[in-house]
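Here the structure is laid out as structure tokens; the discussion comes afterwards.
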Ligand code: HEC
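Numbering (my numbering), first residue to last: 217 to 588.
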């Protein structure tokens, strides 16, 4: 083995001119952090015996590439870069030392990640549409058809869209009833919108995902959004832990699942960013892979967890607003409807009614807690 290494060393042209064959530029360079102890890869690819010419190599070092930062001459002289190229050519190719994380990471090209997410989103979309169908069916909206025709479908659609913006995007009903809960919803809702927006903007303005300064808007947006979601979710987790009345007997486990996945997603995303700026490069790829897994799990489980209420509630409230508008315009819808918005109020009303009948003298002392 030693002889082979020696033979390889002797094969490398120009080695005879090296100042000292024992000098180890690679071992003292920053390259090692990303390309591994034996240059067989880490966060970056293996660079033993680079497949590229010396000129191209120098260019990569000086200008950086993708996630790899540029290394100026003040950090690594031209002579050292030459020496580095020579050292790398003299190293042995040891496929066993390619880290697992890098091998997995190698499969995670932008195209493959996009394909995985496309698959996950499509699967999710099918069940989301099924869920919406189910709830709209339960709302009995089809009985509104004749009244809607008289009211004007276009006008009804306008009322619905307005509700999606006011009740959905601005969470106006919570704003009126409970500012504190509105704030927690806003942190998560706007945080998630910010994260999605940041992803789209990065795809457009920084497709190679080059390192940006922390002050860059493309960096600030996801960081601020991520922290907002994290704070919102952390609050919800604490509430789940400390509130004795939160278990409705039906969805608690799945609520936990959603909240926990969201927490892990955001935390691993932030960790990836932070660790990328330290020297613990070996951790970036595993955590990033964990992050992608969490996002995928979040997508796929979305139609079955509390995540659903992010679109089901706005849609149901929207349908109620349309019904309100139709009845307010004097059109007879042909049936008596429950007060909006549906089951929350109805359950509360029934419970209060029961208490008044069973224990009229205590009815005023009872405070109802209702979790949908
Ligand atoms: C922050 C981590 C990091 C550091 C530090 C780093 N690299 Fe890289 N390097 C990468 C990544 C990631 C890539 C893959 C870039 C791509 O293809 O998008 C890469 C690619 C390369 C390539 C191109 C490989 C190819 O076949 O295309 C070479 C050569 C290289 N690095 C050499 C070096 C040298 C020499 C140093 C030290 C001066 C260094 N790197 C420091 C992360 C790093």
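From the three backbone atoms N, C-alpha and C, an ideal C-beta is built for every residue, glycine too. Just so it is clear, the structure is predicted and the values come from calculations on it, not from any experiment.
Let's test the definition: count the other Cβ atoms within 10 Å of the Cβ of residue i and tell me whether it reaches 16, buried, or not, exposed.
{"i": "residue 364", "result": "buried"}
{"i": "residue 341", "result": "exposed"}
{"i": "residue 349", "result": "exposed"}
{"i": "residue 290", "result": "exposed"}
{"i": "residue 253", "result": "exposed"}
{"i": "residue 567", "result": "exposed"}
{"i": "residue 564", "result": "exposed"}
{"i": "residue 491", "result": "buried"}
{"i": "residue 493", "result": "exposed"}
{"i": "residue 326", "result": "exposed"}
{"i": "residue 484", "result": "buried"}
{"i": "residue 299", "result": "buried"}
With a threshold of 7 Å (Cβ to nearest heavy atom), would residue i be considered close to ligand 1?
{"i": "residue 529", "result": "no"}
{"i": "residue 249", "result": "yes"}
{"i": "residue 457", "result": "no"}
{"i": "residue 448", "result": "no"}
{"i": "residue 273", "result": "yes"}
{"i": "residue 589", "result": "The question about residue 589 has no answer, for the chain in this structure spans 217 to 588."}
{"i": "residue 287", "result": "yes"}
{"i": "residue 281", "result": "yes"}
{"i": "residue 284", "result": "yes"}
{"i": "residue 487", "result": "no"}
{"i": "residue 268", "result": "yes"}
{"i": "residue 290", "result": "no"}
{"i": "residue 191", "result": "Here the chain comprises residues numbered 217 to 588, so residue 191 is not present and cannot be evaluated."}
{"i": "residue 263", "result": "yes"}
{"i": "residue 322", "result": "no"}
{"i": "residue 410", "result": "no"}
{"i": "residue 257", "result": "no"}
{"i": "residue 584", "result": "no"}
{"i": "residue 300", "result": "yes"}
{"i": "residue 260", "result": "yes"}
{"i": "residue 245", "result": "yes"}
Within the same chain, show all residues whose beta-carbon is closer than 8 Å to that of residue i, passing over the 5 residues directly before and after it, in chain order.
{"i": "residue 255", "result": "242, 247, 248, 262, 263, 264, 304, 307"}
{"i": "residue 549", "result": "359, 360, 363, 539, 542, 543"}
Go through its chain and collect everything with a Cβ distance to residue i's Cβ below 7 Å, but skip five positions before and after it.
{"i": "residue 391", "result": "398"}
{"i": "residue 339", "result": "516"}
{"i": "residue 557", "result": "With a pLDDT of only 48 at residue 557, under the threshold of 50, the placement of this residue in the model should not be trusted; the figure read from the coordinates follows. Answer for residue 557: 532, 533, 536, listed in chain order."}
{"i": "residue 379", "result": "533, 534, 537"}
{"i": "residue 393", "result": "none"}
{"i": "residue 584", "result": "564, 567, 568"}
Checking the sheet assignment: what are the DSSP bridge partners for residue i?
{"i": "residue 248", "result": "Paired residues: none, contrary to the question."}
{"i": "residue 281", "result": "284"}
Quick one: what's got a C-beta closer than 6 Å to residue i's C-beta in the same chain, skipping five residues either side?
{"i": "residue 384", "result": "530"}
{"i": "residue 321", "result": "501"}
{"i": "residue 474", "result": "521, 522, 523"}
{"i": "residue 313", "result": "254, 256"}
{"i": "residue 518", "result": "340"}
{"i": "residue 479", "result": "449"}
{"i": "residue 297", "result": "274, 277"}
{"i": "residue 573", "result": "none"}
{"i": "residue 547", "result": "363, 366, 367"}
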